[in-house]
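J.:
Protein chains: 2
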Amino acid sequence: MMIRTAVFLSLLSWASAYAEGDSEAITITRRDSRDTIAGAAGHFTGSVRVQRLFEVKAPGRTGGALVTFEPGARTAWHSHPLGQILIVTEGAGWIQPWDGPIQEIRQGDVVRIAPGQKHWHGAAPTSRMAHIALQEQLDGKVVEWMEKVSDEQYRKR
Amino acid sequence: MMIRTAVFLSLLSWASAYAEGDSEAITITRRDSRDTIAGAAGHFTGSVRVQRLFEVKAPGRTGGALVTFEPGARTAWHSHPLGQILIVTEGAGWIQPWDGPIQEIRQGDVVRIAPGQKHWHGAAPTSRMAHIALQEQLDGKVVEWMEKVSDEQYRKR
Numbered sequence: 090m091m092i093r094t095a096v097f098l099s100l101l102s103w104a105s106a107y108a109e110g111d112s113e114a115i116t117i118t119r120r121d122s123r124d125t126i127a128g129a130a131g132h133f134t135g136s137v138r139v140q141r142l143f144e145v146k147a148p149g150r151t152g153g154a155l156v157t158f159e160p161g162a163r164t165a166w167h168s169h170p171l172g173q174i175l176i177v178t179e180g181a182g183w184i185q186p187w188d189g190p191i192q193e194i195r196q197g198d199v200v201r202i203a204p205g206q207k208h209w210h211g212a213a214p215t216s217r218m219a220h221i222a223l224q225e226q227l228d229g230k231v232v233e234w235m236e237k238v239s240d241e242q243y244r245k246r
Numbered sequence: 090m091m092i093r094t095a096v097f098l099s100l101l102s103w104a105s106a107y108a109e110g111d112s113e114a115i116t117i118t119r120r121d122s123r124d125t126i127a128g129a130a131g132h133f134t135g136s137v138r139v140q141r142l143f144e145v146k147a148p149g150r151t152g153g154a155l156v157t158f159e160p161g162a163r164t165a166w167h168s169h170p171l172g173q174i175l176i177v178t179e180g181a182g183w184i185q186p187w188d189g190p191i192q193e194i195r196q197g198d199v200v201r202i203a204p205g206q207k208h209w210h211g212a213a214p215t216s217r218m219a220h221i222a223l224q225e226q227l228d229g230k231v232v233e234w235m236e237k238v239s240d241e242q243y244r245k246r
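So the protein sequences, as listed, match chains A and B.
According to our numbering, the first sequence is numbered sequentially starting from 90.
According to our numbering, the second sequence is numbered sequentially starting from 90.
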């Protein structure tokens, strides 16, 4: 009887440790389990899909998303309080800082945008572009959205 | 003469602002310009290649690398002070928390490892696996390396 109780308590303790490990220590989000939503009309021009890859979770402060732009689609002008990293995963697109030229970015390129830098990014007119976007949160904010990129601004390249 | 000087000074100021914008506002690292190095023998088992994608740059604290494991290759046991995110980009592999079971991860999966959690990850015995690894720095540290994963531990699945 004492042995049975010991085994039971031992199993209970293992189950509890295991449940904790399973739900907290390592969390796996499967490829097909994540939602993809349309980019908010107020912040994007054209057809844009946003798939959240991982949320900010304290004490960490980084969140990430996969963003896909159909040809001609782009973000509005915006900035990030702690900057942004883009890892281009598909196609070719454009990026432009305020007061700077449009530059081409292609699959495999990594882009760093400085904190507070007003900029936009998106697809080229004839090519889809997708990138992983990484931002660190500052005081609960990851982005400040501004005005849209006009067709005239977009066609300036 | 005054007009020429004004134009010259204005161009000088524009050039300086532009140079600053070009080198700091947006930095593009091209796909073929990044070095790939072998994973340090003390921290990995088997054939592992590490391509640094972006360095930590203050005020940001996140750095990222693309890590490719040939079949059977894996990290040593290790932990990260602020945790880690893995975005699996190729193949299938394994991940295991200390005191938990080995779990399979596949292309497209996103994995979150909790701060301070002792764990390892790597390829499956018959499949290559590559992932983007993202870590936030705390007091200048992103990782604490521990003992290697023995063949017995690796074959336990």
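A virtual CB, placed ideally from N, CA and C, is assigned to each residue, including glycine.
All figures in this text were calculated on a predicted structure; none of them were measured in a lab.
Please determine, among B/R120, B/G161 and B/Q196, the residue with the shortest C-alpha to C-alpha distance to A/G75.
T.: Because residue 75 of chain A is not part of the residues shown, which for chain A are 90 to 246, the question remains open.
J.: If B/E225 and A/R150 are in contact, beta carbons under 8 Å, what's the gap, nearest whole angstrom?
T.: Counting from one through the second sequence, the residue named residue 225 of chain B turns up at place 136. Counting from one through the first sequence, the residue named residue 150 of chain A turns up at place 61. With 8 Å as the limit, B/E225 and A/R150 qualify as a contact, their Cβ atoms being about 7 Å apart.
J.: Residues of chain B with CB closer than 9 Å to the CB of A/E225, please, in chain order.
T.: Here residue 225 of chain A is taken as the residue at index 136 of the first sequence, counted from 1. Result: P148, G149, R150, T151 and E225.
J.: Assuming A/T134 and A/A162 form a contact by the criterion Cβ under 8 Å, report the distance between their Cβ atoms to the nearest whole angstrom.
T.: For the purposes of this step, residue 134 of chain A is taken as the residue at position 45 of the first sequence. For the purposes of this step, residue 162 of chain A is taken as the residue at position 73 of the first sequence. Rounded, the Cβ-Cβ distance is 6 Å, consistent with contact.
J.: Judging by CA-CA distance, which residue of B/A147, B/M218 and B/S168 is the nearest neighbour of A/L171?
T.: Translated into the one-based positions of the first sequence, residue 171 of chain A becomes position 82. It is B/A147.
J.: Please state whether the Cβ-Cβ distance between B/E159 and B/S136 is less than 8 Å.
T.: If you number the second sequence from 1, residue 159 of chain B lands on position 70. If you number the second sequence from 1, residue 136 of chain B lands on position 47. Taking 8 Å as the Cβ cut-off, B/E159 and B/S136 qualify as a contacting pair.
J.: From the DSSP output, in three-state form, read off B/R120 for me.
T.: Reading the second sequence from its first residue, position 31 is the one you call residue 120 of chain B. Helix.
J.: Just mark A/T157 as buried or exposed, buried being the case when its beta carbon has 16 or more other beta carbons within 10 Å.
T.: Taking the first sequence and counting its residues from 1, one reaches residue 157 of chain A at position 68. Classification for A/T157: buried.
J.: To which residues of the same chain is B/S102 closer than 8 Å at the C-beta, ignoring the five residues directly before and after it?
T.: Start at 1 with the first residue of the second sequence, and residue 102 of chain B comes out as number 13. For B/S102, the predicted structure reports a pLDDT of 41, less than 50, and the residue's modelled location is therefore unreliable. A value from the coordinates is still provided. Excluding sequence neighbours, B/S102 sits near nothing in its chain.
J.: Does the Cβ-Cβ distance between A/V139 and A/A154 come in under 8 Å?
T.: In the first sequence, counting from the first residue as 1, residue 139 of chain A sits at position 50. In the first sequence, counting from the first residue as 1, residue 154 of chain A sits at position 65. Yes. Within cutoff.
J.: For B/Q173, which three-state DSSP category applies?
T.: For the purposes of this step, residue 173 of chain B is taken as the residue at position 84 of the second sequence. Correct three-state label for B/Q173: strand.
J.: Can you tell me whether A/R244 is buried or exposed? The criterion is at least 16 other CB atoms within 10 Å of its CB, across all chains shown.
T.: Residue numbering aside, residue 244 of chain A sits at position 155 when the first sequence is read from its first letter. Classification of A/R244: exposed, given that the 10 Å Cβ count is below 16.
J.: What do you reckon, are the CB atoms on B/V199 and B/I174 nearer than 8 Å?
T.: One-based indexing of the second sequence puts residue 199 of chain B at position 110. One-based indexing of the second sequence puts residue 174 of chain B at position 85. Their beta carbons are under 8 Å apart, which means B/V199 touches B/I174 by this criterion.
J.: What does A/R119 reach in chain B if we use C-beta pairs closer than 7 Å?
T.: For the purposes of this step, residue 119 of chain A is identified with residue 30 of the first sequence, where counting begins at 1. Near A/R119 (Cβ distances below 7 Å), the residues of chain B are D198.
J.: Return the chain-ordered list of same chain residues with a C-beta closer than 8 Å to the C-beta of B/H167, the five sequence neighbours on each side being excluded.
T.: The residue given as residue 167 of chain B occupies position 78 in the second sequence. So the qualifying residues of the chain are H132, K207, H208, W209, V232, E233, W234 and M235.
J.: So A/A213 packs on A/A181, CB below 8 Å; how close in whole Å?
T.: On the first sequence, residue 213 of chain A is found 124 positions in, with the first residue counted as 1. On the first sequence, residue 181 of chain A is found 92 positions in, with the first residue counted as 1. At roughly 5 Å, the Cβ-Cβ gap stays under 8 Å, so A/A213 and A/A181 are in contact.
J.: Would you mind telling me which residues of chain A sit closer than 8 Å to B/E233, beta carbon to beta carbon, in chain order?
T.: Stepping through the second sequence from its first residue, residue 233 of chain B is reached at position 144. Within 8 Å Cβ-Cβ: nothing; B/E233 doesn't reach chain A, min ~16 Å.
J.: If the cut is a Cβ gap below 9 Å, which residues of chain B does A/G172 touch?
T.: As a first step, residue 172 of chain A is located in the first sequence; it is residue number 83 there, counting from the start. Chain B residues near A/G172: K146, P148 and G149.
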